[in-house]
Amino acid sequence: MNLLRLSTLLVLTLPVLLQAQPKCTNASLNGTLFYTIGGQIKNGSTVVSYDEQGQVTADGAGNLTSGTATTSTAGLIATAVSVSGTYTVNGNCSGTVTLTTGANSLTAVLQVVNGGGLTLSSITSSSLAELGEVRFYRAANATGSQCGNGSISGAYGLLLAGGTYSGGVRTPYEAATQMVFDGNGNITSNTGEVTTDSTNGPQSFNGTGTYSIASNCSGTAQLTLPNTTQVNYLIARVEGGTVLFLETDSSTTVSGAANPQLLQQVLPQFVFGAGTWYSAIYFSNPTSATVSFSVTFLTDTGTPLAVPGVPASGVKTVTLAPGSTTVIEAPSTGANVLEGYASFALPAGVTGYGVYRRSQAGQPNQEVLVGFRSATQTATSLIFDETNGLVTGLAVLNSSGVATTVNIAVFDNAGNSIGTTTLALPSGNKMTVPFLDQLPNLSGMVGKRGYALFSVATGNVSVLALRSSGVAFTSVPTVQVQ
Numbered sequence: 001m002n003l004l005r006l007s008t009l010l011v012l013t014l015p016v017l018l019q020a021q022p023k024c025t026n027a028s029l030n031g032t033l034f035y036t037i038g039g040q041i042k043n044g045s046t047v048v049s050y051d052e053q054g055q056v057t058a059d060g061a062g063n064l065t066s067g068t069a070t071t072s073t074a075g076l077i078a079t080a081v082s083v084s085g086t087y088t089v090n091g092n093c094s095g096t097v098t099l100t101t102g103a104n105s106l107t108a109v110l111q112v113v114n115g116g117g118l119t120l121s122s123i124t125s126s127s128l129a130e131l132g133e134v135r136f137y138r139a140a141n142a143t144g145s146q147c148g149n150g151s152i153s154g155a156y157g158l159l160l161a162g163g164t165y166s167g168g169v170r171t172p173y174e175a176a177t178q179m180v181f182d183g184n185g186n187i188t189s190n191t192g193e194v195t196t197d198s199t200n201g202p203q204s205f206n207g208t209g210t211y212s213i214a215s216n217c218s219g220t221a222q223l224t225l226p227n228t229t230q231v232n233y234l235i236a237r238v239e240g241g242t243v244l245f246l247e248t249d250s251s252t253t254v255s256g257a258a259n260p261q262l263l264q265q266v267l268p269q270f271v272f273g274a275g276t277w278y279s280a281i282y283f284s285n286p287t288s289a290t291v292s293f294s295v296t297f298l299t300d301t302g303t304p305l306a307v308p309g310v311p312a313s314g315v316k317t318v319t320l321a322p323g324s325t326t327v328i329e330a331p332s333t334g335a336n337v338l339e340g341y342a343s344f345a346l347p348a349g350v351t352g353y354g355v356y357r358r359s360q361a362g363q364p365n366q367e368v369l370v371g372f373r374s375a376t377q378t379a380t381s382l383i384f385d386e387t388n389g390l391v392t393g394l395a396v397l398n399s400s401g402v403a404t405t406v407n408i409a410v411f412d413n414a415g416n417s418i419g420t421t422t423l424a425l426p427s428g429n430k431m432t433v434p435f436l437d438q439l440p441n442l443s444g445m446v447g448k449r450g451y452a453l454f455s456v457a458t459g460n461v462s463v464l465a466l467r468s469s470g471v472a473f474t475s476v477p478t479v480q481v482q
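This is the structure in structure tokens:
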């Protein structure tokens, strides 16, 4: 490339780079938001620790309304506190927010990140010795889906920090544990410990308990420790899978967050046999550590699926050295077509995909690649195109431990409703839908383009979609609705 061509390229590229700078407005902060406040405030003449967790609605025009919060001031818990406020977001994604909780008001500077999914703030109170941070998180149901117990499932790493109070004296408190949610309202705390400066060494933080998540993604959790002490938390699931925690026991000012440790995923369709169908799952480990995980193959009704080379239990252990790749194959041999789905919790960094191949006499083999789906979704959507004879087929899976009803809403390319219908799915069951447009009330899809939304109030829903034009077929991406 000569200098003239290089200089021309730079001139043409520079405006594009300039245009890529952040561009935010008040509308960048919108919808249902959970928030946390952590730091210290003045309580009379004394500086004490302070925690707050609440929920507000941002109208996209600078107002925070419909808010309620739980606060902890030096271990004094207050619930159902009303919240309101205002905010301003500048074009460079900085701004300010004023939040009024009960009789208290604070002002904070802010930075909008993750496209509005997270807003980071620092308190700029005029009172000396008052400082802290505010975080606004977009709720997991901000785009219209519903939460439920099934939207929290699998192993999470939980870190809590703060203090406990006795006689007005604060004792620093730190806790770390693995919290396992079963998707059905039960939790187990494993390998956990609590550290304070009033005990000689860390203490055990292992136990069992329950949790409950409402449709608006807020909830509660209770954990009983070996010494029969029960600790209680206000929790909230936010966009991206993080779960916020605020302890609601008196004499505590403790808060934190839990983040998923393993990616609970599924391949909602696994079909093979009768000389027609072949399926395979590829896994790759690009990390520098050896990993091991289990892949469970189940029938459409949740019983073990007999896959060649897999134990009768339907569970196959996969071990991958650093940089290695493997494949699990199910050939098209055998007298009958067998189908079901595969479930697995992938260690961080491990990737993969599924492959389907269909063989028909007198026709070239047709093959399609499909991505894995989250096992903890409560809503997902897809774009369909049923013009020119195209049709959409589905595999719809509820991998949770509870029965659910899948609500399906279909819209045309202008956003007009085409129709709604439901599918009942018992726990651990999958349903194959050869033609989406043949479900009740959805015949209006034929000849149109648009999108379909699948959501559940309890349990989970994972959807794999294929588009077909007779012999040929291809995968249709589905998008998790947060």
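Letter by letter, the sequence shown follows residues 1 to 482 in this note's numbering.
The C-beta atom is built at its ideal place from N, Cα and C for all residues, glycine as well.
Note that the structure is a prediction, hence the values are computed from the model and not measured.
Report yes or no: do three or more beta-carbon pairs, one from the stretch 421-435 and one from the stretch 151-159, lie closer than 8 Å?
-> no
Is the stretch 296-316 in contact with the stretch 350-357, if contact means three or more CB pairs nearer than 8 Å?
-> no
Buried or exposed: which applies to Q265, given that a residue is buried once 16 or more other Cβ atoms fall within 10 Å of its Cβ?
-> On the sequence shown, residue 265 is found 265 positions in, with the first residue counted as 1. Q265 is buried by the Cβ-count criterion.
Hey, how far is the Cα of A69 from the Cα of T88?
-> Indexing the sequence shown from 1 puts residue 69 at position 69. Indexing the sequence shown from 1 puts residue 88 at position 88. Cα to Cα, A69 sits roughly 22 Å from T88.
Beta-carbon spacing of V83, V56 below 8 Å | Here residue 83 refers to the residue found at position 83 of the sequence shown. Here residue 56 refers to the residue found at position 56 of the sequence shown. Closer than 8 Å, so yes.
Whole-angstrom distance between I383 and T13, CA atom to CA atom = Within the sequence shown, residue 13 is the residue found at index 13, counting from 1. Within the sequence shown, residue 383 is the residue found at index 383, counting from 1. Caution applies to T13, whose pLDDT of 42 falls short of 50 and renders its modelled position unreliable; the model cannot decide the point.
Assuming Q363 contacts V471 under a Cβ cut-off of 8 Å, what Cβ separation, rounded to an integer in Å, is found between them?
-> The sequence position of residue 363 within the sequence shown is 363, counting from 1. The sequence position of residue 471 within the sequence shown is 471, counting from 1. At roughly 5 Å, the Cβ-Cβ gap stays under 8 Å, so Q363 and V471 are in contact.
For I152, the first and last residue of its enclosing beta strand (DSSP E) = For the purposes of this step, residue 152 is taken as the residue at position 152 of the sequence shown. Unbroken run through I152: none, as it is neither H nor E.
Given a cut-off of 8 Å, decide if G459 and G219 are closer than it, judged by their beta-carbon atoms.
-> Against the sequence shown, residue 219 aligns to sequence position 219. Against the sequence shown, residue 459 aligns to sequence position 459. No, Cβ-Cβ distance for G219 and G459 is not below 8 Å.
To the nearest angstrom, report how far apart T290 and F136 are at their CA atoms.
-> Along the sequence shown, one-based indexing puts residue 290 at 290. Along the sequence shown, one-based indexing puts residue 136 at 136. Using only the alpha carbons, I get a separation of about 37 Å.
Within this structure, are the beta carbons of V461 and V402 separated by less than 8 Å?
-> As a first step, residue 461 must be located in the sequence shown, where it is residue number 461. As a first step, residue 402 must be located in the sequence shown, where it is residue number 402. No, the pair does not count as a contact, with Cβ atoms beyond the cut-off.
What residue range is occupied by the uninterrupted beta strand (DSSP E) comprising E239?
-> The sequence position of residue 239 within the sequence shown is 239, counting from 1. E239 -> no beta strand (DSSP E), and no H or E assigned at all.
Along the beta strand (DSSP E) that carries F136, what are the first and last residues, could you check?
-> For the purposes of this step, residue 136 is taken as residue 136 along the sequence shown, with counting starting at 1. Note, F136: beta strand (DSSP E), L131 to R138.
Count the other C-beta atoms from every protein chain shown that fall within 10 angstroms of the C-beta of A103, then say buried if there are 16 or more, exposed otherwise.
-> Position 103 of the sequence shown, counted from the start, is the residue given in the question as residue 103. Exposed.
Among all the DSSP beta bridges, which residues are the ones paired with V315?
-> As a working note, residue 315 is residue 315 in the sequence shown. Beta-bridge pairing links V315 to T296.
Start and end residues, beta strand (DSSP E) containing S121 = Here residue 121 refers to the residue found at position 121 when the sequence shown is read from its first residue. Note, S121: beta strand (DSSP E), L118 to I123.
Would you check if there are 3 or more beta carbon pairs closer than 8 Å linking the stretch 185-195 to the stretch 69-79?
-> no
Under 8 Å, do A345 and F293 count as touching if we go by C-beta distance?
-> By 1-based counting over the sequence shown, the position of residue 345 is 345. By 1-based counting over the sequence shown, the position of residue 293 is 293. Yes, these two residues count as a Cβ contact at 8 Å.
Who are the near neighbours of T324 in its chain, counting only those whose CB is closer than 6 Å to its CB and skipping five residues on each side?
-> Translated into the one-based positions of the sequence shown, residue 324 becomes position 324. As written in the sequence, residue 324 is Ser, which differs from the Thr given in the question. Correct list, in chain order: N285.
Counting Cβ pairs closer than 8 Å, one from the stretch 49-63 and one from the stretch 253-261, do we hit at least three?
-> yes
DSSP state of G323 mapped onto helix, strand, coil = Along the sequence shown, read from residue 1 onward, the residue named residue 323 stands at position 323. Coil at G323, not helix or strand.
Count the other C-beta atoms from every protein chain shown that fall within 10 angstroms of the C-beta of L3, then say buried if there are 16 or more, exposed otherwise.
-> Mapped onto the sequence shown, residue 3 falls at position 3. Any reading at L3 needs caution, since the residue's pLDDT is 38, under 50, leaving its predicted position unreliable; the model's value is listed next. Answer is exposed; the Cβ neighbour count stays below 16.
DSSP three-state assignment for A484, whether helix, strand or coil | Nothing about residue 484 can be read from this structure; the chain reaches only from 1 to 482.
Would you identify the three-state DSSP class for L14, choosing helix, strand or coil?
-> Residue mapping note: residue 14 aligns to position 14 of the sequence shown, counting from 1. Per-residue confidence for L14 stands at a pLDDT of 43, beneath the threshold of 50, marking its modelled position as unreliable; no derived number is given.
Pick out whichever of Y356, V194 and V396 has its Cα sitting closest to the Cα of N365.
-> Taking the sequence shown and counting its residues from 1, one reaches residue 365 at position 365. Of the listed residues, the one whose Cα sits closest to N365 is Y356.
With DSSP collapsed to three states, give me the class of Q366.
-> Here residue 366 refers to the residue found at position 366 of the sequence shown. In this structure, Q366 counts as strand in the three-state DSSP scheme.
Rounded straight-line distance, which links the Cα of V109 to that of G85 | Numbered from its first residue, the sequence shown carries residue 85 at position 85. Numbered from its first residue, the sequence shown carries residue 109 at position 109. About 14 Å.
Taking C-beta to C-beta, are S343 and S399 nearer than 8 Å?
-> Residue 343 sits at position 343 when you count from the first residue of the sequence shown. Residue 399 sits at position 399 when you count from the first residue of the sequence shown. It is a contact, given that the beta carbons lie within the stated cut-off.
Whole beta strand (DSSP E) runs in the stretch 392-466 with 3 or more residues, listed along the chain?
-> 404-412, 417-425, 429-433 and 449-455
What span of residues does the beta strand (DSSP E) with A389 cover, start to end?
-> Stepping through the sequence shown from its first residue, residue 389 is reached at position 389. The sequence shown places Gly at residue 389, rather than the Ala named in the question. No beta strand (DSSP E) holds G389; DSSP gives it neither H nor E.
Quick one, which of N429, F205 and T210 has its alpha-carbon nearest D182's?
-> In the sequence shown, residue 182 corresponds to position 182, counting from 1. Checking every option, the nearest Cα to that of D182 belongs to T210.
Exposed or buried, which one is P268 when buried takes at least 16 other CB atoms within 10 Å?
-> For the purposes of this step, residue 268 is taken as the residue at position 268 of the sequence shown. P268 is buried by the Cβ-count criterion.
Return the CA-CA distance between G60 and S28, expressed in angstroms with no decimal places.
-> As a first step, residue 60 must be located in the sequence shown, where it is residue number 60. As a first step, residue 28 must be located in the sequence shown, where it is residue number 28. Whole-angstrom Cα-Cα distance: 7 Å.
S215 in three-state terms, based on DSSP | Locating residue 215 in the sequence shown gives position 215, counting from the first residue. Note: S215 maps to coil in three-state DSSP.
Best match in V238, V391 and E193 for proximity to P226 [C-alpha to C-alpha] | As a position in the sequence shown, residue 226 is number 226, starting the count at 1. Residue E193 is the option with its Cα nearest to P226.
For A139, is the classification buried or exposed, using 16 other Cβ atoms within 10 angstroms of its Cβ as the cut-off for buried?
-> Here residue 139 is taken as the residue at index 139 of the sequence shown, counted from 1. The residue is buried, with at least 16 neighbouring Cβ atoms inside 10 Å.
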